[in-house]
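Colleague: This is the structure, below, for whatever I ask next.
Below is the structure:
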């Protein structure tokens, strides 16, 4: 187990802590949004839906970034075998982050009065564009923050000649993070051109930059947790990044189907973004390989569970659900409906959120100096947020399918009358699963904030001992590569059913008003996909837990 | 694609090759992008779109300032709380939007739309010369009036000024002219005939009958009762509360007989003459704190008896 070798690794602690607090607030705003969807009069005129939604989106982005920064600061010295450069700049970065969070929460409220703070043609307080709502003032401070991160990372890293593939991944990642941000810094008069550049920031961040940072950090965590070889992990990271960029660069075209740009983007977008799941399958396969390269028990199960969740939800949310709506013929229906919301929640929270949480579960107990912490809270919170998020994704997907039929096929556009009432069942399901998720977040935040400071945090529980009685049989038997492949394949089979369901909206029989086919395929596809996902993660973790039954448990550090 | 410890895997060379391929793809991407925004494509640009003298570009600024994308989608991007706005102008036309936006929390009545259509610059933009032709040309407006008018909408009232409303309409006129490659798909069936469609409420049917028809007037002899009915049918209560609070315009509770300060600093007594003028020529005197041009003129919509009935109704709510 990696210990704290460098003092500056501890600078990551404050970023993890602020990540947790922001996550809690983001979840609260999400719950409020779900309630407003059911009863639009809730806080209407006081805290309008759009203002609540901005907080939900921006806090989500900010806590994911805080998690990235925390993780990078934690692994940076280990990767470089020296202390972080310019610790005072990191402290400054932290306070700048706090100021930006508070500033942005306050300025977004001005949308209710229609005040954007126009000055020199730019909106300085907030700019009312989805995901990049922060006003120009905050934008510039954020740009400076990214520049500081680049400086710290690149100054800490060893000379270029000694870079491994993980250095390359993180180095290019933080540089690209900064570069891409600059495309969101201008007011653009044309709507088509504005959307074109807005997706530079949003798509290239998520599918270019964050994905690259994600792959690099997951790789290094595999090195730390499983003593995987740096060289073989690095090689996998190299291929992962190459595939992400080679598919994602032109894959951005899937955002240019209907925004007023020419038809040829439908060809390029459908082709290249259909390739985007490739690196995710690759990453999925590697976490299987690395986790099984030795038979030792998992020392820190919550950290591994969140890491596994991150890679699996990346596969399911980003890879499969992204694939289903990436073709012009399916996207024409899913575009602008709840179908995309399902994908976005699983992909963003799953892939990037869970990585930050995994890193926090790995790093925080180490920094607090506890070897053997009570892992029951962590495991409980993982299952609550994991099932909660899968349930919400299911609700969004089913609601979205109904929405496509009612809104697009029938052309009914009274949201308060026709559309909402048709979606009501799904709208009720969102806060129900949201509540499960929220409880999980509560347990998680409580556990990580107080770990090492509670009286009960040393593991006196018998959870490991009780496991020792359970042999690695049945559901807990060794997970072979073949079996993992079957699980992956069945996810994709259900993904294909979902894709066919979206395609079926093109059929004459559906367009003439019969929703049976798309409803049936969505029901089978989404239910199957999300159940397989849940079972697979359960199966994976169970098989790893059975390792604790081996005598190796007594040899833990 | 794996490499074991000690193997020679030539990462450096492969990285360079990957970068080269990436560079080649970037060239393709840039070339496609440049082609996308060539003038020769004929895509509409907001600089060339005006609505009643307002600029579409200015409308885009207002659109962003209120974060409309936080509830609606535009070209399919944004939130999914309200409908997509890309083609709204085409479907509902400018007069309906003018009637709806200042008091978005309730759906406008036919009379409220007609008031807007009476303004020559709006009629010119709409390209029609009467409400019947308007409803025929803009089926979305007809559907909204038929089914929704009198109902609350799920959108809150926003503090939009008259200029902001017209600017946003200019922006929506621009987006409705954009070529979005056939998106959103055009429905092949009449959705209103499906059980998913909320059935037309009986109460809404009566509002389709124009208050001008006179049928209402004959039915109700008492001017206060007639006024109470007219303010609902004409859509006045979308902006005016019967209490003393301000929704969009001043509340009527305790208004009659009070003294109001006007925006030029002078003051006026609220009496029959003042209220009559406020209905027929609202911009003649504007109370302090309210924008000029927000209240439409009801000349030609309401006859003398109807105006008198509304004034009588407001008087009945008054203080004195």
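Chains as they are written, first to last, in the working numbering: chain U, 101 to 657; chain F, 301 to 620.
All C-beta atoms in this analysis are idealised placements derived from N, C-alpha and C, irrespective of residue type, glycine included.
Small disclaimer: the values here were computed from a predicted structure and weren't measured.
Can a CB atom of chain U be found closer than 8 Å to the CB of residue 418/F?
Modeller: It does not; no Cβ of chain U falls within 8 Å.
Colleague: In chain order, which continuous runs of the alpha helix (DSSP H) of length 4 or greater are located wholly inside the region 331-398 of chain U?
Modeller: Entirely contained in the region 331-398 of chain U, the alpha helix (DSSP H) runs reaching 4 residues are, in chain order, 364-373, 377-391.
Colleague: Taking the beta carbon of residue 563/F as the centre, do at least 16 other beta carbons fall within 10 Å, making it buried, or is it exposed?
Modeller: Counting Cβ neighbours within 10 Å, residue 563/F comes out exposed, since fewer than 16 surround it.
Colleague: Report the start-end ranges of each beta strand (DSSP E) in the region 478-528 of chain U that is 3 residues or longer and not cut off at the edges.
Modeller: DSSP runs (the beta strand (DSSP E)) wholly in the region 478-528 of chain U: none.
Colleague: What are the boundary residues of the beta strand (DSSP E) that residue 679/U is part of?
Modeller: With chain U running from 101 to 657 in the structure shown, residue 679/U is simply not present.
Colleague: Can the beta-carbon of residue 198/U be found closer than 8 Å to that of residue 236/U?
Modeller: No, the Cβ-Cβ distance between residue 198/U and residue 236/U is not below 8 Å.
Colleague: Measure the C-alpha to C-alpha separation of residue 502/F and residue 204/U and round it to an integer number of angstroms.
Modeller: At residue 502/F, the pLDDT of 47 sits below 50, so the modelled position is not reliable; the number obtained from the coordinates is stated separately. Using only the alpha carbons, I get a separation of about 47 Å.
Colleague: Alpha carbon to alpha carbon, how far is residue 540/U from residue 547/U?
Modeller: Straight-line Cα distance between these residues: approximately 10 Å.
Colleague: Beta-carbon within less than 8 Å of residue 315/F's beta-carbon, same chain only, minus the 5 sequence neighbours each way: which residues are those?
Modeller: Answer for residue 315/F: no residue qualifies.
Colleague: In three-state DSSP terms, what is residue 422/F?
Modeller: Reduced to three states, the DSSP call for residue 422/F is helix.
Colleague: Quick one: what's residue 540/F bridged to in DSSP?
Modeller: Beta-bridge pairing links residue 540/F to 546/F.
Colleague: Considering Cα atoms alone, identify which of 323/F, 308/F, 346/F is closest to residue 476/F.
Modeller: Of the listed residues, the one whose Cα sits closest to residue 476/F is 346/F.
Colleague: Beta-carbon within less than 7 Å of residue 209/U's beta-carbon, same chain only, minus the 5 sequence neighbours each way: which residues are those?
Modeller: The answer, listed in chain order, is 151.
Colleague: What does the alpha-carbon distance come out to for the pair residue 584/U and residue 624/U?
Modeller: One C-alpha to the other measures close to 22 Å.
Colleague: What does DSSP give as the partner residues of residue 377/F in its beta bridges?
Modeller: Paired residue(s): 374/F.
Colleague: Which one or two residues does DSSP pair with residue 316/U in a beta bridge?
Modeller: Answer is none; residue 316/U lacks a bridge partner.
Colleague: Quick check for students: name the residue ranges of the beta strand (DSSP E) that lie wholly in the region 432-483 of chain F, counting only runs of 3 or more.
Modeller: Whole beta strand (DSSP E) segments, 3+ residues: zero.
Colleague: Would you verify that the beta carbon of residue 329/F is, or is not, closer than 8 Å to some beta carbon of chain U?
Modeller: So yes, residue 329/F belongs to the interface.
Colleague: Cα separation between residue 114/U and residue 172/U?
Modeller: If I take the Cα positions, the gap works out to 13 Å.
Colleague: Can you give me, in chain order, the residues of the region 312-343 of chain F that have a beta carbon less than 8 Å from any beta carbon in chain U?
Modeller: Listed in sequence order: 314, 315, 318, 321, 322, 325, 326, 328, 329, 332, 333, 335, 336, 337, 341, 343.
Colleague: Go through its chain and collect everything with a Cβ distance to residue 529/U's Cβ below 6 Å, but skip five positions before and after it.
Modeller: Answer for residue 529/U: 495, listed in chain order.
Colleague: Which runs of the alpha helix (DSSP H) fall wholly inside the region 232-265 of chain U and span at least 4 residues, in chain order?
Modeller: Entirely contained in the region 232-265 of chain U, the alpha helix (DSSP H) runs reaching 4 residues are, in chain order, 236-256.
Colleague: Bridge partners for residue 698/U per DSSP, in chain order?
Modeller: This structure cannot speak to residue 698/U, because chain U is shown only from 101 to 657.
Colleague: Thinking residue 428/U and residue 370/U are a contact (beta carbons under 8 Å), I'd like their distance in whole angstroms, please.
Modeller: Going by Cβ atoms, the distance from residue 428/U to residue 370/U rounds to 5 Å, so yes, they are a contact pair.
Colleague: Where do the ends of the alpha helix (DSSP H) carrying residue 489/F lie?
Modeller: No alpha helix (DSSP H) contains residue 489/F, which DSSP labels as neither H nor E.
Colleague: For residue 539/F versus residue 549/F, is the C-beta distance shorter than 8 Å?
Modeller: In contact: residue 539/F and residue 549/F (Cβ atoms closer than 8 Å).
Colleague: So who's on the other strand from residue 305/F, going by DSSP bridges?
Modeller: The partner list for residue 305/F (beta bridge, DSSP) is empty, contrary to what the question assumes.
Colleague: Would you decide whether residue 220/U is buried or exposed? Buried here means 16 or more other CB atoms lie within 10 Å of its CB.
Modeller: Result: exposed.
Colleague: What residues of chain U sit near residue 357/F, judged by a beta carbon separation below 7 Å?
Modeller: 289, listed in chain order.
Colleague: Output the boundary residues of the beta strand (DSSP E) element that contains residue 561/F.
Modeller: 559-561 is the extent of the beta strand (DSSP E) around residue 561/F.
Colleague: For a minimum of 4 consecutive residues, which ranges assigned as the alpha helix (DSSP H) are wholly contained in the region 570-596 of chain F?
Modeller: If we require 4 residues or more, the alpha helix (DSSP H) runs fully inside the region 570-596 of chain F come out as 572-580.
Colleague: For residue 418/U, which residues from the same chain have a beta carbon less than 7 Å from its beta carbon, with the 5 sequence-adjacent residues on both sides left out?
Modeller: The residues are 380, 447, 451.
Colleague: Please state if the CB of residue 466/U and the CB of residue 630/U are separated by a distance shorter than 8 Å.
Modeller: It is not a contact, given that the beta carbons lie outside the stated cut-off.
Colleague: Tell me residue 354/F's beta-bridge partners as DSSP assigns them.
Modeller: For residue 354/F, which the question treats as bridged, DSSP gives the partners 351/F.
Colleague: From the DSSP output, which residues share a beta bridge with residue 602/F?
Modeller: In the DSSP output, where bridge partners are listed per residue, residue 602/F has 599/F.
Colleague: What residues match up with residue 406/F in a beta bridge as DSSP calls it?
Modeller: Beta-bridge pairing links residue 406/F to 452/F.
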